[in-house]
Structure formats: structure tokens, C-alpha cells
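In the UniProt record's numbering, the protein residues as written are 1 to 381.
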């Protein structure tokens, strides 16, 4: 092994993927992994759940149900949570008693043990992709297309995005191709059959790149929860009109690359600003200056991508599932060594203290109306 771990498989710590559907090894149910600090056996076979060498169980947040958890919990085992989605997929994880069941986390939050914050951003090159020329976008407008695109088929989510967009539509033209607020058909039968909210089909991407603005509203409002809804328009050279992570500016390529919905007092005020940019090309193009040579000024973003141990569609790097299991493997090997040293010292060396996940690893604020106050909502909302 590249890490100089000479132990046989029968001596290695075992990591059990309790959520077997995420097991990142094919074919088979068990695999040896060689990580920087040591090796482990990883498996999806629950037959080893109570084995003395099974040191960690890895759960997928979307599938986790407390009533299905392997109880009673064994004192020699740690629990690790992998959850790249927002808490909308499993609300229990947004409450302290839920998240504190786990020792280690891999989530969208930068505070998690193994952050997945930039999971939808392949790299700097993705942001530098060419934009459709402004003249072509203006020609598209003259053909009757809207300045603003909305593409969403997951409707009525906690962020209240559809209600906001419905109000925005009163003040500016929006072409909506998804199931939510649908008002226009995609141009070909093939796209209507195959396009989804996350596709990167070349015909689909070419079509939506002609829009000046893409409404990019996440399904939940959580720090650092940023999906393809944000990064895809930037890749294509459209301007995201964004609501999602309150900390999104921390990750932007420069100070003027997105339009934040929460900077405006109302959908009407936002519509006025979008109309101004639509009619003033020089001002609009300022939002795309990050695509120019040297235009990405945010050192925090650049350094975060540089430090990232896993890749997105990059065959030279492990994916985040393999990366997380090595993260857990290394920490379990360290814990086993520290426990052995504690035992040999007859208590003179302290036992390793268990790490407990915190609310900030996953937690999000309580959902609020997309605009206005709760008192303003109708019975249907």
C-alpha cells in the first residue's frame, strides 16, 4: 500500500456504509482502501454492524431515519453523516438532537468536518467559460424572449421561491419552462422529453445561455447551500438573480457577479433594476467581468478550490464519497492508536475525547415568506 500500512485485511478497522446505495466501490460489497494515515476495510454488508473491528458507520442523510438506526449504539463505534442536500430532505438533521447523533459530518456547510460547499463547482475554469455575446442576447430579446429565465420543476418548497417569482412576473417578463409557473415550451420535443433542472445537455445549455438573467432560487435558505442553480448560469455567462445562502458573497469570483434578491425591498424594485440592466448593456456587462483574464479576485474562493481534496468530474482526483471515507478511515486509525496508548499507560495518557457534530454543521433558520410577512399569506400559501 502507498501508505506503508502492512497490516492484513483481517487486522484493519472496518467502516460500514449503512446506506449501502452510496457505497462507492464496484463490483462487490467490500473493499480495502489505502488512505494517507492508514488503511481500512469498507463494506456495505450489515452483517458486520456489531463486529468489534467495525469502528465507524457512515449514514446518508436523505435515507437516515432514527427508528431504523442500529440501536443500541455500540461504545466502540463512531457515526458519520454524509449529506450534500439541504435539510429539506430530512428536517431532523436541522435540529441539535438530530445532528448530535453523529461524530463526523460531510455537508454543504464550511463548518462541517469534511465540507462539500463547492460540490457543484468543478473548478475555476468552469467560471471562465465564454458568454454569449451581448448582441446575440439582444437579438434574442427582439424575437420576443424574456430577459429573465425561470427553470424549476420542484414546486412549493420551503424557500417560497414560486410565490416570489409569481409576484415578480407582474412587473417584468419571465420565461418559465419548468413545471413551476410554466408559461413557455422548450423549443424542441427532445428537450421537453429529456431536460431536467440539473442537466448539462449541450443543446439545452446553448438555449438557456441566451438569456441575460437566470432566476436562481434554492429550495432552502441555508448558509453555504449553493447548487447548480447558482453556478450553471455563471458558467454560461448569464447573471444569476439569487436567493439562497446568506453567505453567498463569500464565494463569489468578485464583488459584482450576481444579483441578490434580498438586496431589494420588493419584487417590483428588483424588476426595475433588471429592466435597467436589460436596457443598458454597459452596466449589464459589468456583471460578467469575472470572465476576463484576472477577473476572479476572490482569494478565498481560489484557495478553497486549491485546497479541496476531491474533484468534480475530475478523473485525477477522488470523488467526495471516496474522499470522505478516507477522512473517516484516517481518524479511526488515529483513534484506535490513541485508545491503545491510553490502555498501555494505565490511564496516564488520557483517552481520546469523542467528537460531537454541532448545529452549525447542518442547521438552517426557520423558513420565512419569499416576500412580505406571514400575516400576508393566503390560505393556499
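Cβ atoms here follow ideal geometry from the backbone N, Cα and C, with glycine treated the same way. Model, not experiment: these values are computed from the prediction.
- By the Cβ neighbour-count rule, residue 347 is exposed, with fewer than 16 other Cβ atoms within 10 Å of its own.
- For residue 202, the secondary structure class from DSSP, reduced to helix, strand or coil, is helix.
- Secondary structure at residue 153: coil, using DSSP grouped into helix, strand and coil.
- Nearest neighbour of residue 305 by Cα position, chosen from 123, 244, 48 and 366, turns out to be 123.
- Proximity of the region 183-195 to the region 284-292 falls short of the contact definition, fewer than three beta-carbon pairs being nearer than 8 Å.
- Taken through DSSP and simplified to helix, strand or coil, residue 25 comes out as coil.
- With contacts defined by Cβ atoms closer than 9 Å, residue 56 and residue 82 do not form a contacting pair.
- DSSP links residue 356 through a beta bridge to no other residue.
- Cα atoms of residue 70 and residue 49: separation of roughly 8 Å, rounded to the nearest angstrom.
- When secondary structure is reduced to three states using DSSP, residue 349 falls in the coil class, being assigned neither helix nor strand.
- Taking 9 Å as the cut-off, the Cβ atoms of residue 333 and residue 37 count as close.
- Per DSSP, reduced to three states, the secondary structure at residue 95 is coil, with no helix or strand assignment.
- Taking residue 250 as reference, the option from 207, 259 and 300 with the minimal CA-CA separation is 300.
- The shortest C-alpha to C-alpha distance from residue 209 to any of 228, 221, 232 and 257 is the one to 232.
- The C-alpha of residue 157 is placed about 24 Å away from the C-alpha of residue 112.
- Within its own chain, the residues whose Cβ lies closer than 6 Å to the Cβ of residue 152, once the five positions on either side in sequence are excluded, are 178 and 180, listed in chain order.
- Assignment of residue 277 by DSSP, reduced to helix, strand and coil, places it in the helix class.
- Here residue 301 carries a helix assignment [DSSP, helix/strand/coil].
- Under the DSSP assignment, residue 142 falls in the alpha helix (DSSP H) whose first and last residues are 134-142.
- Taking residue 19 as reference, the option from 12, 80 and 10 with the minimal CA-CA separation is 80.
- Counting along the chain, the unbroken alpha helix (DSSP H) around residue 233 starts and ends at 228-236.
- The straight-line gap separating the alpha-carbon atoms of residue 163 and residue 103 is approximately 38 Å.
- Taking the C-beta atoms as reference points, residue 360 is found no nearer than 9 Å to residue 277.
- Residue 128 has its alpha-carbon roughly 13 Å from the corresponding atom of residue 252.
- The region 31-47 makes contact with the region 1-15, as at least three CB pairs between them are under 8 Å.
- A Cβ-Cβ contact shorter than 9 Å links residue 235 with residue 126.
- Only buried fits residue 214, as 16 or more other CB atoms lie within 10 angstroms of its CB.
- In this structure residue 257 is buried. Its beta-carbon is surrounded by 16 or more other beta-carbon atoms within 10 angstroms.
- Of all alpha-carbon atoms in 205, 238, 22 and 229, the one lying nearest the alpha-carbon of residue 245 is that of 229.
- Secondary structure of residue 108 (DSSP, three-state): coil.
- Taking C-beta atoms under 8 Å as the contact rule, residue 23 and residue 47 fail to qualify, at a distance of about 14 Å.
- With respect to residue 324, residue 226 sits apart: the two C-beta atoms are not nearer than 9 Å.
- Per DSSP, residue 11 has no beta bridge partner at all.
- Assignment of residue 55 by DSSP, reduced to helix, strand and coil, places it in the strand class.
- Going by DSSP, residue 328 is part of the alpha helix (DSSP H) stretching over 320-344.
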